[in-house]
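Residue numbers (the working numbering): 231 to 507.
This report refers to the structure that appears directly beneath it.
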Ligand code: ATR
């Protein structure tokens, strides 16, 4: 039951009506008996600055930021965490007595999803894609001390730009075979394989071998063609929805101060929400 001391958290974005975050966070508050509530506010670009001032004015405790505001929101904050600054995107705002600090939990969510199955330090990673998602994931892999990162992208020029910023190698998708031959981890960050194009994959099945760890950022469907074929090739895998879960878990801990979020309960809420789509 909400009352005068309930701490409010929310997600802002446009569109935002189908966000999984309210279900995930509220399930966590409920099981821990926290006097918190999490909702969604649809905010367009024109309103963004005033919306951020509203966070301060109303004392909203935590705000998740989604498309299209992750970059634009940064200029309105008081402080930005070093990794979020490097990535150039914020998906989380924590309000401490009117001071707004921005974080990026997307990269950490991605790393935690891989680390459930394998360590990253010292590994050679091939990352497919060079868009917004790849940026956070790439910096995350370096933060976790991957030994070597190779960015492969349909448009090699975009891979080159990102790779030069990160000081890593790059190429186009024609190099997949030779690059995968030396890789420990494959991280697929493009939208290939996403509903309604479930039959698509960038990776020929014959390139998958049991000692390659395969992870796909696509979470709809839960199991993409890439993940299915990787399993058939006896690879260990990480499913895309785990990234969503872990980025939310990190946010939950930042907003509430709870050291260990109730991961299973949040996972159940997330899966229920995604299954309804
Ligand atoms: P996001 O923020 O989700 O990463 P994005 O910034 O639009 O989205 O990036 C999309 C990524 O998917 C890019 O790496 C894109 O490759 P290009 O740079 O060549 O456009 C990749 N992508 C999208 N459609 C693709 C396709 N049909 N084949 C190969 N790569 C594709």
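C-beta atoms are modelled at their ideal positions from N, C-alpha and C, and glycine is treated no differently.
CB of residue i to nearest heavy atom of the ligand ATR: below 6 Å?
i: residue 402; result: no
i: residue 360; result: yes
i: residue 383; result: yes
i: residue 296; result: no
i: residue 407; result: no
i: residue 388; result: yes
i: residue 454; result: no
i: residue 445; result: no
i: residue 486; result: no
i: residue 363; result: yes
Quick check on the DSSP output: the alpha helix (DSSP H) that includes residue i runs from which residue to which?
i: residue 480; result: 471-486
i: residue 369; result: 362-373
i: residue 320; result: Taken as a continuous stretch (DSSP letters only), residue 320 belongs to no alpha helix (DSSP H), as it is neither H nor E.
i: residue 258; result: 251-262
i: residue 285; result: 278-288
i: residue 294; result: Element bounds for residue 294: not the alpha helix (DSSP H) but the beta strand (DSSP E), 292-295.
i: residue 501; result: 493-506
At what residues does the beta strand (DSSP E) containing residue i begin and finish?
i: residue 331; result: 329-333
i: residue 244; result: First-last for residue 244: undefined, no H or E at that position.
i: residue 357; result: 354-358
i: residue 272; result: 266-272
i: residue 399; result: 399-401
i: residue 446; result: 443-446
So, residue i versus residue j, is the Cβ gap smaller than 7 Å?
i: residue 322; j: residue 243; result: no
i: residue 410; j: residue 431; result: no
i: residue 375; j: residue 391; result: no
i: residue 371; j: residue 379; result: yes
i: residue 377; j: residue 354; result: yes
i: residue 340; j: residue 496; result: no
i: residue 402; j: residue 424; result: no
i: residue 447; j: residue 419; result: yes
i: residue 282; j: residue 259; result: no
i: residue 476; j: residue 294; result: no
i: residue 267; j: residue 249; result: no
Would you mind sorting residue i into buried or exposed? The rule is 16 or more other CB atoms within 10 Å of its CB.
i: residue 335; result: buried
i: residue 245; result: exposed
i: residue 415; result: buried
i: residue 509; result: Only positions 231 to 507 of the chain appear in the structure, and residue 509 is not among them; the question remains open.
i: residue 325; result: buried
i: residue 235; result: exposed
i: residue 365; result: buried
i: residue 438; result: buried
What is the rounded straight-line gap between the Cα of residue i and the Cα of residue j?
i: residue 459; j: residue 316; result: 34 Å
i: residue 276; j: residue 300; result: 14 Å
i: residue 384; j: residue 257; result: 40 Å
i: residue 284; j: residue 291; result: 11 Å
i: residue 247; j: residue 255; result: 15 Å
i: residue 240; j: residue 489; result: 20 Å
i: residue 417; j: residue 506; result: 27 Å
i: residue 332; j: residue 440; result: 39 Å
i: residue 491; j: residue 466; result: 26 Å
i: residue 399; j: residue 442; result: 19 Å
i: residue 493; j: residue 502; result: 14 Å
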